[in-house]
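*Asks:* Heads up: the sequence shown is residues 1 to 604, going by full-length UniProt numbering. Just so you know, even glycine gets a beta-carbon here, dropped at the ideal spot from N, CA and C.
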Amino acid sequence: MLQSIRDRSASWGAKIIIGAVVVAMALFGAESLVGLLGGNDGDAAAKVNGEPIPRQQLELEVQRAIRSGQVPPEQERELRSQMLDSLISEQLLTQYAEQGGLHLSESQIDQLIVNLPEFQSQDGKFSQELFRNRLSSAGFTPLAFRDQLRADMKRRQLQQGLAVSEFTLESEERRLAALQRQTRSFRHHVLTVDDLESLPEASDEELQAYYEAHVDDYQRPEQVKLAYVVLDREQMAEQADVSEQALRDAWNAEAADADRRVSHIMVQFGDQRTREEAEARLEQVNQRLADGDSFDDLAAEYSDDTSTSGEGGDLGVISRGFFGDAFDEAAFSLGEGQVSDIVETDNGLHLIKVTELDRPSFEESRDRLARQVAREQVSSDFDDRAQRLIDESFAAEDLQSVAQDLGLERETSDWVSRENVSGVLAEPGVMRRAFTPDVLEEGFNSEVIELDEDRRMVLRVLDHREATTLPLEEVRPQVAEAVQERMTREALKDEADRLIEALRSGESPTIDWQRTEGLNRQGDAQPVVDAAFRLPHPEEDETVFGRAVDGQRVVLIALDEVTEGQVDEQSEAFVARMAQQLRSQAAVNGLLGYLREQAEIERF
1 MLQSIRDRSA
11 SWGAKIIIGA
21 VVVAMALFGA
31 ESLVGLLGGN
41 DGDAAAKVNG
51 EPIPRQQLEL
61 EVQRAIRSGQ
71 VPPEQERELR
81 SQMLDSLISE
91 QLLTQYAEQG
101 GLHLSESQID
111 QLIVNLPEFQ
121 SQDGKFSQEL
131 FRNRLSSAGF
141 TPLAFRDQLR
151 ADMKRRQLQQ
161 GLAVSEFTLE
171 SEERRLAALQ
181 RQTRSFRHHV
191 LTVDDLESLP
201 EASDEELQAY
211 YEAHVDDYQR
221 PEQVKLAYVV
231 LDREQMAEQA
241 DVSEQALRDA
251 WNAEAADADR
261 RVSHIMVQFG
271 DQRTREEAEA
281 RLEQVNQRLA
291 DGDSFDDLAA
301 EYSDDTSTSG
311 EGGDLGVISR
321 GFFGDAFDEA
331 AFSLGEGQVS
341 DIVETDNGLH
351 LIKVTELDRP
361 SFEESRDRLA
371 RQVAREQVSS
381 DFDDRAQRLI
391 DESFAAEDLQ
401 SVAQDLGLER
411 ETSDWVSREN
421 VSGVLAEPGV
431 MRRAFTPDVL
441 EEGFNSEVIE
451 LDEDRRMVLR
461 VLDHREATTL
471 PLEEVRPQVA
481 EAVQERMTRE
491 ALKDEADRLI
501 EALRSGESPT
511 IDWQRTEGLN
521 RQGDAQPVVD
531 AAFRLPHPEE
541 DETVFGRAVD
551 GQRVVLIALD
561 EVTEGQVDEQ
571 SEAFVARMAQ
581 QLRSQAAVNG
591 LLGYLREQAE
601 IERF
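(1) Opposite L226 in the DSSP bridges: which residues?
(2) Does the Cβ of S584 have 16 or more other Cβ atoms within 10 Å, making it buried, or fewer, making it exposed?
(3) Throw me the rounded Cβ distance for the L357 and E336 pair, which I believe falls under 8 Å.
(4) What does the Cβ neighbour count give for K353, buried or exposed, with the cut at 16 atoms within 10 Å?
(5) The alpha helix (DSSP H) with S307 in it runs from where to where?
(6) Could you give the first and the last residue of the continuous beta strand (DSSP E) run that contains D314?
(7) Assign L470 to one of three DSSP states: helix, strand, or coil.
(8) Which residue or residues does DSSP assign as beta-bridge partners of P54?
(9) For P428, which residues from the same chain have a beta carbon less than 8 Å from its beta carbon, with the 5 sequence-adjacent residues on both sides left out?
(10) Expressed to the nearest angstrom, what Euclidean distance is found between the alpha-carbon atoms of R465 and N420?
(11) Specify the secondary structure class of S86 as computed by DSSP and reduced to three states.
(12) In its own chain, which residues sit with a C-beta less than 8 Å from the C-beta of G100, not counting the 5 before and 5 after it?
(13) Just curious, the alpha helix (DSSP H) that E539 is in, first and last residue?
(14) Mind checking F394: buried by the 16 CB within 10 Å criterion, or exposed?
(15) Taking 7 Å as the threshold (C-beta atoms), are V285 and L298 in contact?
(16) Does the beta-carbon of G124 have 16 or more other beta-carbons within 10 angstroms, so that it is buried, or is it exposed?
(17) Do Q348 and Q268 have their C-beta atoms closer together than 7 Å?
(18) By the 10 Å Cβ neighbour count, where 16 or more other Cβ atoms means buried, how is H264 classified, buried or exposed?
(19) How long is the line joining the alpha carbons of R132 and T141, rounded to whole angstroms?
(20) Alpha carbon to alpha carbon, how far is R489 from V193? Give it in angstroms, no decimals.
(21) Cα separation between V588 and Q208?
(22) Have a look at W251 and G313 and give me their C-alpha separation to the nearest angstrom.
(23) Can you list, in chain order, the residues of its chain with a C-beta nearer than 8 Å to that of R504? Leave out the 5 residues immediately preceding and following it.
(24) Compare the Cα-Cα distances from A586 to each of D541, Q160, F332, D217 and report the closest residue.
(25) I want to check one thing, is the minimum distance from the CB of E501 to the heavy atoms of the ligand ATP below 6 Å?
(26) Which residues bound the alpha helix (DSSP H) around E602?
(27) Which of helix, strand or coil does DSSP assign to A202?
(28) Which of the three DSSP states is assigned to Q120 in this structure?
(29) Taking only three categories from DSSP, how would you classify I109?
(30) Can you round the beta-carbon distance between V229 and V402 to whole angstroms, since I take them to be within the 8 Å contact cut?
(31) Bridge partners of T516, per DSSP?
(32) Here's the rule I'm using: 16 or more other beta-carbon atoms within 10 Å means buried, otherwise exposed. How should E115 be labelled?
(33) For a quick check, are the C-beta atoms of D259 and S319 less than 7 Å apart?
(34) Please check the pair I557 and I88, which I expect to be a contact at CB under 8 Å, by giving their CB distance rounded to whole angstroms.
(35) Within its chain, find whatever has a CB closer than 7 Å to the CB of E212; leave out the 5 residues flanking it on each side and keep chain order.
(36) Please go through the same chain and pick out, in chain order, the residues whose beta-carbon is closer than 7 Å to the beta-carbon of Q598, but skip the five residues on each side of it.
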């Protein structure tokens, strides 16, 4: 087994020389904690050694990536495949770690959780309420989160163990540093179809051969055409009529929870005065306030809180919970400029004045409040219509009547498959419902699908076709284009080889060279640069010729000069770190490759 892993890691040196100095890699990122891990074997995207990977888990990860803007929706199919590969790799590493006896105790998991900053309050302490709320919003139960965290940490233990087992010799570091410093000066020329005497033409036999060799590229998956309706609370809210008074009421209601700037006059009692005497002192303050005296002046004269009395009793901006329940109840019941009745706390008796409400103006809040009030206005109607959607779609023989009764739009799709969908049909669980026997085979409306707290959906299959291999005649244009591109690229490579042979023989064909001086390995990692650094050193004043294939382009390269470059200790230390990281990553990749070879992996 260890030799198999080593064999898979053998190319680490080349990876360092070609690409390591370009990108600063992070060997071990934070593992992605995936929620909603429920599911059953019948709804699995894959099985790894008999253990299922729920399709819902896969779909959730795909939608998170798309919504985050990391991946455009048109690349969803490719993304789904990559995500599934990643989940399979995680499953393999977890299984291997567990078979190797890696273990985390319950107390270790507890310690990890309480130390996660995501679950800590502003004072840096673990908050049970924050823990529950954040797990809930991410779709976790506490038990599911603990299980996922345990699996993540086992994988990390395994990866770190492999990482520390790898090392780089000093001689290797010196050699890599020299390669890092090296610069090359060369000329290059891009060959185009204009350099060809004629464009190659593909025969029917070549098209047939290419089609047969790439028949997997022309598979059409099982597909359906769908009709569906969506009940959307946000759309209902957009049509709601919100009055100016309702907005004002909502804005005023928010004042009860808004942070506020407060001042106070505090009178203590105990050793120097009784409670009755303290209360009488504050009654004097109240009378003088009624007579028009300034709160600031009275704070300076009467308040026992010497830290604030000189500043008019100013306590700054406070949030609920700063000074206890009694203080909060009084302070957060006041409007701006109002003074409370006498309030008793552990420190003494207080008069509290709200000097400022810390919140946006009404105009700044208008749009947000309009959305909030509109949602509240339609909430009851939304719940009623959601229940009617459940009742009517269950009994209806189509969706058009349901849409009309509820004032919804019945929408239809073109042919879609489980994986090749977009928009609302790509939401988790939607296509799974479309392919259930009741909907697909019996022709019933689906159960109501709860997309999120604001949207409900029902769908119906209009048409269905099985998976099949598309015949050549149907995909002939795509096949012809692919064959033409390949034949053109091969013709350009042949032309490049002919020119290289002529140049090596001392001939001087007409070539419009572009020159690049002193390029180092920290430039863009592209095929032309890669090829230029792979060519052998020129001897004496000779030029070394080569070519690079960059997509559909073929580029001639004439390497004229190689220089050793200047010593850069910081850069060389970076290369040494990258070498160690790539060795470690190669060890992990080697293990994964071995595990994949040995595993029983089923994709559905």
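*Replies:* To lay it out plainly:
(1) V461
(2) buried
(3) 5 Å
(4) buried
(5) 306-309
(6) 314-318
(7) coil
(8) A44
(9) L36, Q56, E59, L60, Q63
(10) 14 Å
(11) helix
(12) L158
(13) E539 -> no alpha helix (DSSP H), and no H or E assigned at all.
(14) exposed
(15) yes
(16) exposed
(17) According to the sequence displayed, residue 348 carries Gly and not Gln. Contact flag set, yes.
(18) buried
(19) 8 Å
(20) 9 Å
(21) 41 Å
(22) 28 Å
(23) F545
(24) Q160
(25) Only the bare structure without any ligand can be found here, which leaves the ligand ATP out of the picture.
(26) Looking at the DSSP string, E602 is not in any alpha helix (DSSP H); the run it does join, the beta strand (DSSP E), is 601-603.
(27) coil
(28) strand
(29) helix
(30) 6 Å
(31) F186
(32) The question names Glu, yet the displayed sequence has Asn at residue 115. With fewer than 16 Cβ atoms within 10 Å of its Cβ, N115 is classed as exposed.
(33) yes
(34) About 40 Å; that fails the 8 Å criterion.
(35) none
(36) none
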